[in-house]
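**Student:**
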Amino acid sequence: MHDKIEVHELLHRWWFVYDEGEFDTWERMFTDDVWFTSRTDTGDHPFEEFIAADRRGRVDVLDWQLMHRLASPYPLRHHATDIHVTGHTDTDVSLASYLYVTSVEERMPTHVAGGIVRATVRRVGDGYRFAEVHVVLDTMTAVPFSER
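Per our numbering, residue 127 is the first one in the sequence shown, and the count goes up by one each step.
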């Protein structure tokens, strides 16, 4: 049986320590063979090169995350919402959530990005770690659902 609270906590903790630049805690959050991707839904955003990633292995993923965080604004706040389990095996739990990102401009919170995160976390000896994380940011113009 999996601990859903611990699974949810991992996602929330990851965004918090990412935003705060607590780099020394990142390594414990990922499996050795983690796969991380990031992109926009259209693939043609003006900052696509900065957003896009397809990294495998903890060292490569952490290198990209560090570079990406150091080049991003502070304060930056990633909010994970509507987190839910989408599947599980004996060792893994798959989940999905919405993502809402804010920063501060002229002393006011401002919307930076939104999107969907799909992840797989794996139970290891000392808890859960990310085995996969896939981030897709919303950039397409909204249309009626029937037209998508």
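Heads up, the beta-carbon is just placed ideally off N, CA and C, and yes, glycines get one too.
Closest to residue 209 by CA distance: which of 222, 199, 202 is it?
**Tutor:** Taking the sequence shown and counting its residues from 1, the one referred to as residue 209 is at position 83. Checking every option, the nearest Cα to that of residue 209 belongs to 222.
**Student:** What does DSSP give as the partner residue(s) for residue 144 in the beta ladder?
**Tutor:** Here residue 144 refers to the residue found at position 18 of the sequence shown. Paired residues: none, contrary to the question.
**Student:** Just to confirm before moving on: does the CB-CB distance between residue 178 and residue 190 stay below 8 Å?
**Tutor:** Translated into positions along the sequence shown, residue 178 becomes position 52. Translated into positions along the sequence shown, residue 190 becomes position 64. No, the Cβ-Cβ distance between residue 178 and residue 190 is not below 8 Å.
**Student:** With 16 as the cutoff for other CB atoms within 10 Å, does residue 219 come out buried or exposed?
**Tutor:** As a first step, residue 219 must be located in the sequence shown, where it is residue number 93. By the neighbour-count rule (16 or more Cβ atoms within 10 Å), residue 219 is buried.
**Student:** By Cβ distance, which residues of its chain are closer than 7 Å to residue 147, with the 5 residues on each side in sequence left out?
**Tutor:** Walking along the sequence shown from the start, residue 147 turns up at place 21. Excluding sequence neighbours, residue 147 sits near 195.
**Student:** Excluding the five sequence neighbours on either side, which residues of its own chain have a C-beta within less than 8 Å of the C-beta of residue 236, listed in chain order?
**Tutor:** Counting from one through the sequence shown, the residue named residue 236 turns up at place 110. So the list reads 228, 229, 230, once near-sequence residues are dropped.
**Student:** With residue 248 and residue 217 assumed to form a contact (beta carbons below 8 Å), what rounded beta-carbon distance in angstroms separates them?
**Tutor:** On the sequence shown, position 122 is the one that residue 248 refers to. On the sequence shown, position 91 is the one that residue 217 refers to. That belief holds up - the Cβ atoms of residue 248 and residue 217 are roughly 6 Å apart, short of 8 Å.
**Student:** Nearest by alpha-carbon distance to residue 156: which of 185, 262, 226 is it?
**Tutor:** The sequence position of residue 156 within the sequence shown is 30, counting from 1. Of the listed residues, the one whose Cα sits closest to residue 156 is 185.
**Student:** Excluding the 5 residues preceding and the 5 following residue 140 in the sequence, name in chain order all residues of the same chain whose CB lies nearer than 6 Å to its CB.
**Tutor:** Taking the first residue of the sequence shown as 1, we reach residue 140 at position 14. 155.
**Student:** Does DSSP classify residue 256 as helix, strand or coil?
**Tutor:** Taking the sequence shown and counting its residues from 1, the one referred to as residue 256 is at position 130. If DSSP states are grouped into helix, strand and coil, residue 256 belongs with the strands.
**Student:** Put residue 163 into one of helix, strand or coil per three-state DSSP.
**Tutor:** Within the sequence shown, numbered from 1, the residue matching residue 163 stands at position 37. Here residue 163 sits in strand by DSSP.
**Student:** DSSP has residue 234 in a bridge; who is on the other side?
**Tutor:** Here residue 234 refers to the residue found at position 108 when the sequence shown is read from its first residue. For residue 234, which the question treats as bridged, DSSP gives the partners 231.
**Student:** Which residue or residues does DSSP assign as beta-bridge partners of residue 206?
**Tutor:** Position 80 of the sequence shown holds residue 206. Looking at the DSSP assignment, residue 206 forms a beta bridge with 225.
**Student:** How long is the line joining the alpha carbons of residue 263 and residue 165, rounded to whole angstroms?
**Tutor:** By 1-based counting over the sequence shown, the position of residue 263 is 137. By 1-based counting over the sequence shown, the position of residue 165 is 39. Looking at the two C-alpha atoms, the distance is approximately 6 Å.
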